[in-house]
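Residue numbers (our numbering): 1222 to 1438. Even glycine gets a Cβ: it sits at the ideal position worked out from N, Cα and C. Here the structure is laid out as structure tokens; the discussion comes afterwards.
Here it is in structure tokens:
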């Protein structure tokens, strides 16, 4: 199902594997989104400035400037709002996910990624900015993938709080707590508009409640 104008977003796909980048771009373009590509870290940063994407799908294992370094640099760019940063990578360990959180990624999505996940990311981004009516616009086939993304947001939020507890630098601690709060707010919004798979709603509600308890401490 192609996105209508209200749901279309600007997406930057960054991967040194050109075939992989172009395939992702093609899938998102077919859904009606405006898509740009970059094939290395340095050019991706300048592309973020010129294209000003809403969503960046960023590979980690790139030569010279890897995805972690790119994510850190994007955080410093004079953009408001900042794009949603998603690591799309074959690096799948807990340590890899923790490193993604510490670099400033909003999500860590493991390859291979199915097309509905990309579309789910775009739709969730629109829901979080309230640019669509407050009814669920997600297609049935995307709902399972979207719910998994919601739980991954909460996983990343807990990693932000772990990083906040591990640092003695006040400014850094405040930044990580703010990232965790932002993730909490997004998932709460998505839950409120009915984006969650009802079969897994209790799981999301429980995880959201646990994160809230940590934020209140």
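Simplified DSSP state of residue 1258, which is helix, strand or coil: strand
Is it buried or exposed for residue 1318, if we count other Cβ within 10 angstroms and need 16 for buried? buried
Cα-Cα separation between residue 1421 and residue 1404, rounded to whole angstroms: 18 Å
Which word fits residue 1300, buried or exposed, when buried means at least 16 other C-beta atoms lie within 10 angstroms of its C-beta? exposed
What is the DSSP secondary structure of residue 1380, reduced to helix, strand or coil? helix
Boundaries of the beta strand (DSSP E) in which residue 1331 is found, first to last residue: 1328-1331
Check whether the segment 1322-1332 touches the segment 1293-1313, taking contact to mean three or more Cβ pairs, one atom from each stretch, closer than 8 Å. yes
Residues near residue 1239 by beta carbon distance below 7 Å, same chain, minus five either side: 1260
What are the start and end residues of the alpha helix (DSSP H) that includes residue 1435? 1422-1437
Please classify residue 1281: is it buried, with 16 or more other beta-carbons within 10 angstroms of its beta-carbon, or exposed? buried
Using 10 angstroms around the beta-carbon of residue 1222, count the other beta-carbons present and answer buried if the total reaches 16, otherwise exposed. Note on residue 1222: pLDDT 43, under 50, position unreliable in the model; the coordinate value appears next. Label assigned to residue 1222: exposed.
Beta-carbon proximity list for residue 1342, same chain, < 7 Å, skipping 5 on both sides: 1276, 1307 and 1370
For residue 1272 and residue 1254, the rounded distance between their alpha carbons: 13 Å
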